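The next block holds one structure in the form of structure tokens; read it before the comments.
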Amino acid sequence: MGNIIDLAVGIEQKIHRLLRNQAELTLRSSTLETKCNDLEQIIHHQKQKILELENKINVLKISGGFSSGKDSTKAKLAINELVRDIDKCVELLNR
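64 is the number of the first residue of the sequence shown in our numbering; add one for each residue after it.
Right, dumping it as structure tokens:
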């Protein structure tokens, strides 16, 4: 009879340990999920910042082409490309 009681106590201890581990893992999972969401937001903001900076670079390249008189062909091509992009956007808005 003592053997069965020892087995029952051992099983009960293991169940308590499993429940404690499960609670710790749930908390850790929640923490990691929050951190992941935060990092995804940071990545999104960084991508937006990159796009903004790339647009600024393009504007500076275009304005530099007009001010120096050099590479005016490149500037004209860049302007034409921007106009095409604007036309595409307008077309999408009219749909």
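Virtual Cβ for every residue (Gly too), placed ideally from N, Cα, C.
Note that the structure is predicted; figures quoted are calculated from it, not measured.
Using the C-alpha atoms, what's the distance from residue j back to residue i?
{"i": "Glu75", "j": "Thr89", "result": "21 Å"}
{"i": "Lys139", "j": "Leu95", "result": "50 Å"}
{"i": "Glu66", "j": "Lys77", "result": "Per the sequence shown, residue 66 should be read as Asn rather than Glu. Between Asn66 and Lys77, the C-alpha separation is close to 16 Å."}
{"i": "Leu82", "j": "Lys119", "result": "55 Å"}
{"i": "Ile105", "j": "Val72", "result": "49 Å"}
{"i": "Ile125", "j": "Arg91", "result": "51 Å"}
{"i": "Val122", "j": "Lys151", "result": "19 Å"}
{"i": "Leu70", "j": "Gln109", "result": "57 Å"}
{"i": "Glu144", "j": "Asn84", "result": "59 Å"}
{"i": "Leu155", "j": "Asp148", "result": "11 Å"}
- Counting Cβ pairs closer than 8 Å, one from the region 90-100 and one from the region 108-116, do we hit at least three? no
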